[in-house]
Amino acid sequence: MVNRKDIEARINERTNQILKYAELAIPNERTFEFFRSCVLDALGHKGLRSDITALLDHGGKDGLEAWNGMGRSHTGRKGGAP
2 MVNRKDIEAR
12 INERTNQILK
22 YAELAIPNER
32 TFEFFRSCVL
42 DALGHKGLRS
52 DITALLDHGG
62 KDGLEAWNGM
72 GRSHTGRKGG
82 AP
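Counting in the numbering used here, the sequence shown runs from 2 upward without gaps.
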């Protein structure tokens, strides 16, 4: 089974690597801070982490598959399929 903490640790490692390379490549501190903010948003809790959490919470199924067999569809009608 996939462990959420292991995934987060790997995301942190890769994010730190990307930011170290970017810090060397982007001489302007203001530009680097903007890039850093964008990367952290994309890979952090607002981006990739929330996507992975949603996948793990649904057992790897997308939203529609997760609803099937629950008694009511996402439209509120009785039955498993929308």
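In this text, a Cβ means the ideal position worked out from N, Cα and C, and glycines have one as well.
Proximity to residue i [Cα-Cα], best of the options
{"i": "Cys39", "options": "Thr16, His59 and Glu9", "result": "Thr16"}
{"i": "Leu44", "options": "Pro28, Arg11, Tyr22 and Val3", "result": "Arg11"}
{"i": "Arg37", "options": "His59, Met2, Lys6 and Ile19", "result": "Ile19"}
Beta-carbon separation (whole angstroms), residue i vs residue j, contact threshold 8 Å
{"i": "Arg5", "j": "Leu57", "result": "6 Å"}
{"i": "Phe35", "j": "Glu24", "result": "Contact flag wrong, Cβ pair sits at about 13 Å."}
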